[in-house]
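Residue numbers (my numbering), protein chains in the order written: chain A, 6 to 182; chain B, 5 to 205; chain C, 44 to 344. Don't be surprised by glycine CBs; every beta carbon is placed ideally from N, CA and C. Below is one structure, written out as C-alpha cells, with a few remarks after it.
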C-alpha cells in the first residue's frame with residue numbers, strides 16, 4: 006500500500022480539522038465549585054504565605070527517609086481547604102518529586118537485579134502499594150477534608166518512598182546494601 | 005461506508021459522544037473575569053469555566069484517552085487554576101495557561117502511575133475509548149490518534165489539534181524542541197501508515 | 044598393565060578434584076578488632092552467621108562456592124571490613140555462595156549487608172544494622188539498638204523483654220518480633236507483622252496490605268500506633284494503668300472485646316467504617332489504630 010498517496014496525506018492534514026473543544030457529558034462545575042477555597046479579602050500575602058508554609062511542611066514530612074509514622078498533627082493542620090489538592094501540591098514540590106522520579110527511573114534496572122522469586126514478590130508489593138494509593142486518593146477526591154484519609158495518604162506516600170529507597174540500594178556485585 | 009480490519013465502530017450509547025463546541029477567543033471580558041475571579045469572585049470564575057471547559061476537557065480526553073480520567077483532569081485543572089489565579093501574570097493567553105495546567109496534571113498522573121506501567125505488562129492498546137458522531141473521516145482520525153504511542157500522541161494533540169508551536173508544545177511537555185519535532189514527524193508517519201492500512205484497497 | 048594403572052590413578056585424582064571443588068573452598072582468617080569496635084560484613088549469596096566471644100578479635104570462617112574469588116578481611120581506620128568478592132560481574136545467578144561464620148566481640152557494632160544470603164546474629168550487645176535484599180534476617184535482642192531491613196525476606200527477632208530501640212522493615216516479607224520491649228517500629232508493604240510486646244513503651248506499626256497482630260504487655264505510659272490500608276489490624280494488649288484508645292477506619296469494620304459501641308458518624312459511613320474512642324482502666328497508655336478498608340480488632344486482654 007502506498008503510504009504517501011494524496012488520500013493519506015489529505016487525511017493526515019485533517020488532524021487540524023478535529024474539533025478542539027469537546028463538551029463533557031455532564032456539568033463538572035458543581036463538583037469544582039464545592040472544592041474552591043474561599044479567598045480572604047486581603048488574599049495576597051497571608052494566603053500565599055500560609056499555603057507555602059503548609060506545603061513546605063507537608064513536602065518536608067513526605068520527602069523524609071521513612072522513620073517513624075506520619076505525625077498526626079500534620080493531618081490535623083491540613084484544613085478543609087481542598088486538602089487533596091494541597092497534599093498533591095506538596096507531593097509535587099521539587100525535592101520530593103525529583104527524588105521520586107529519580108528512584109522510579111532506576112526502578113526497572115534495580116528490579117532486574119533481584120533474584121526472580123524476590124523480584125515477583127516485590128513487584129506484587131509495589132502493585133499493592135500503588136493500588137492502595139489510588140484507592141485513598143480516589144476517596145480524597147470525594148472527601149478532601151477527611152483527616153483520616155489525608156493521614157493514610159501521606160503514610161502511603163512515605164511507604165512508597167521507603168520502598169523505592171530500599172530497592173534503590175540494590176547494586177552490582179559486592180555492593181553494600 | 006466500509007470498515008476494514010482493525011477499526012471497529014462502537015455501538016451507539018456505549019461510549020461518550022463528542023460534540024462540536026465553539027472555541028472561545030480571548031477578549032477583554034475574559035480579562036475582566038480573571039481580575040474578578042482573582043479577587044475571589046466565584047461567579048466570575050464560573051463564567052471563565054463555562055468559556056474554557058470544552059477545550060480543556062478536549063485536551064484532557066485526548067491525552068488520557070478515558071472519560072473518567074478526563075473529567076478528573078478537568079476538575080483538577082480548574083481547581084488548580086483557581087488557587088493559582090492570583091499569580092497569573094497574563095504572559096500567555098488564559099486558555100493556554102489552562103492547557104499548561106492540564107498537561108502538567110496529566111503528566112503528573114502518569115508519573116504516579118509509572119510503577120503500574122513499569123511493573124505490569126502493558127499490551128498494545130487497541131481499544132478506542134472515544135467515538136464521534138461526526139463524519140467518519142474525523143472519527144477514523146481520532147481512533148488512529150488514540151492508538152499512537154504516548155509521546156507521539158501528546159505532541160500531535162498539542163501541535164496538530166490545538167495548534168501550539170513546537171516550542172510551546174515542547175515546553176508544556178518538558179521535552180526538547182528537537183524531540184518534539186521528531187515525535188510529530190513520527191506521529192504523522194504512523195498516522196499515514198495506519199490510515200492507509202485501514203482504507204480498503 | 045602399567046598404562047592401565049596410570050589411567051586409573053589419573054581418573055581417581057580427577058574425581059577427587061571434582062569432589063573437592065564441589066565441597067567448596069575453606070577460608071579462615073582472624074584480625075584484631077579496631078579502635079571503633081565496628082565490623083562491616085558484605086556478602087552476596089549463602090549465609091552470614093554472627094556470634095560473639097570474649098576476645099578482642101574478629102574470626103572469619105567460611106565455605107566458599109566456585110564463583111567466589113576471595114574474602115577480604117581487613118582492618119582499616121579502626122573498622123574491620125569483611126567482604127566477599129566474586130570472580131566476575133555476572134553475580135546474579137551464579138553460585139557465588141559464601142557461608143560465613145563470624146565471631147565478634149560481644150559489644151561490637153555490626154553492619155551486615157547481603158543480597159540473598161541470610162543473616163543470623165546471636166548475643167550481640169552492640170548496635171546491629173542488618174540488611175538484606177532477599178535473605179532472611181534473624182537476630183536476638185541482646186543489645187540496645189537494632190535496625191533490620193529486608194526487601195523480600197523475613198525478619199525474625201527474639202527479645203528478652205529488655206528495652207531496646209528496634210527498627211524492622213520489609214517490603215514483601217514478614218516481620219515477627221517476640222518479647223520485645225522498648226521502642227519498636229515495624230513496617231511492611233504487603234507482608235504481615237506480628238509483635239509480641241513485653242513492656243514496650245512505644246510501638247509503631249504500619250502495613251499497606253499485610254496484617255498486623257500486636258499483643259502482649261505495654262509499659263505504663265506506652266504509645267501505640269497501628270496503621271493499615273487494607274490489611275487487618277488486631278491489637279490485644281494490656282497496660283498496667285489501662286489505655287486510651289482511638290480507632291478510626293474509613294470503610295473497615297471495628298470490633299472490640301469490651302462491648303464499646305462504634306460511632307458510625309454522620310451517615311457517610313453507611314458503607315462501613317467508623318470510630319471507636321474511649322478508655323480502659325485509668326487510660327495512661329495510648330492505643331491508636333487506623334485503617335482504610337481493613338478490619339480493626341481491639342481487646343484489652
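Residue i: contacting residues in chain C (beta-carbon distance under 9 Å)
i	result
residue 140 (chain A)	272, 273, 335, 336
residue 111 (chain A)	Here the premise fails: no neighbours, minimum Cβ distance about 14 Å.
Burial state of residue i (16 or more Cβ within 10 Å)
i	result
residue 165 (chain C)	exposed
residue 196 (chain C)	buried
residue 114 (chain A)	exposed
residue 328 (chain C)	buried
residue 232 (chain C)	buried
residue 117 (chain A)	exposed
residue 47 (chain C)	exposed
residue 170 (chain A)	exposed
residue 301 (chain C)	exposed
residue 59 (chain B)	buried
residue 35 (chain A)	exposed
residue 189 (chain B)	exposed
residue 180 (chain B)	exposed
residue 105 (chain A)	buried
residue 273 (chain C)	buried
residue 277 (chain C)	buried
residue 123 (chain A)	buried
residue 268 (chain C)	buried
residue 74 (chain A)	Because the pLDDT at residue 74 (chain A) is just 38, under 50, the model does not fix this residue reliably, and the value given afterwards should be weighed accordingly. Burial call: buried.
Residues that DSSP places opposite residue i in a beta bridge
i	result
residue 297 (chain C)	C:339
residue 191 (chain C)	C:173, C:211
residue 95 (chain C)	C:147
residue 198 (chain C)	C:180, C:218
residue 288 (chain C)	C:321, C:330
residue 84 (chain B)	None, per the DSSP bridge assignment.
residue 126 (chain C)	C:85, C:115
residue 153 (chain C)	C:82, C:171
residue 68 (chain C)	C:107
residue 162 (chain C)	C:91, C:180
Rounded straight-line distance, which links the Cα of residue j to that of residue i
i	j	result
residue 34 (chain B)	residue 47 (chain B)	13 Å
residue 40 (chain A)	residue 157 (chain C)	49 Å
residue 152 (chain A)	residue 136 (chain A)	20 Å
residue 114 (chain C)	residue 182 (chain C)	24 Å
residue 120 (chain A)	residue 98 (chain B)	52 Å
residue 174 (chain B)	residue 54 (chain B)	28 Å
residue 114 (chain B)	residue 81 (chain B)	15 Å
residue 88 (chain B)	residue 42 (chain B)	9 Å
residue 265 (chain C)	residue 288 (chain C)	12 Å
residue 94 (chain C)	residue 172 (chain C)	15 Å
residue 134 (chain C)	residue 109 (chain C)	The predicted model places residue 134 (chain C) with a pLDDT of 45, which falls under 50 and marks its position as unreliable, so this point remains unresolved.
residue 111 (chain B)	residue 179 (chain C)	39 Å
residue 170 (chain B)	residue 158 (chain B)	12 Å
residue 326 (chain C)	residue 157 (chain A)	25 Å
residue 10 (chain C)	residue 331 (chain C)	In the structure displayed, chain C extends from 44 to 344; residue 10 (chain C) sits before or after that span and is not available.
Chain-ordered neighbours of residue i on chain C, where CB pairs are closer than 7 Å
i	result
residue 160 (chain A)	249, 270
residue 153 (chain A)	291, 293, 333
residue 4 (chain A)	The question about residue 4 (chain A) has no answer here: the residues shown for chain A are numbered 6 through 182.
Proximal residues of chain A, C-beta to C-beta of residue i below 9 Å
i	result
residue 178 (chain B)	The contacting residues do not exist; residue 178 (chain B) stays about 11 Å from chain A at best.
residue 142 (chain B)	19, 22, 23, 24
residue 50 (chain B)	34, 37, 38
Interface partners of residue i on chain A, CB under 7 Å
i	result
residue 214 (chain C)	127, 130, 168, 171
residue 232 (chain C)	130, 133, 134, 164, 168
residue 65 (chain B)	27
residue 75 (chain B)	29, 33
residue 82 (chain B)	37
residue 58 (chain B)	26, 27, 28
residue 159 (chain C)	120
residue 195 (chain C)	123, 126, 127
Contact list for residue i against chain B, beta-carbon separation under 8 Å
i	result
residue 42 (chain A)	86, 87
Amino acids of chain A, ordered along the chain, whose beta-carbon sits closer than 8 Å to that of residue i
i	result
residue 123 (chain C)	Correct list: empty, because the minimum Cβ distance to chain A is about 14 Å.
residue 72 (chain C)	What residue 72 (chain C) touches in chain A: nothing, since even the nearest Cβ is about 17 Å away.
residue 168 (chain B)	Here the premise fails: no neighbours, minimum Cβ distance about 11 Å.
Output the residue ranges of the beta strand (DSSP E) runs that lie fully inside the region 214–283 of chain C and measure 3 residues or longer, sorted by chain position. As far as the region 214–283 of chain C is concerned, its whole beta strand (DSSP E) runs of at least 3 residues are 218–231, 236–250, 255–271, 276–281.
Length at least 3, wholly inside the region 143–175 of chain A: the beta strand (DSSP E) runs in chain order: Counting whole runs of 3 or more residues, the region 143–175 of chain A contains no beta strand (DSSP E) stretch at all.
Give, in chain order, every unbroken run of the beta strand (DSSP E) that is at least 3 residues long and sits entirely within the region 27–70 of chain B. Within the region 27–70 of chain B, no complete beta strand (DSSP E) segment of 3 residues or longer occurs.
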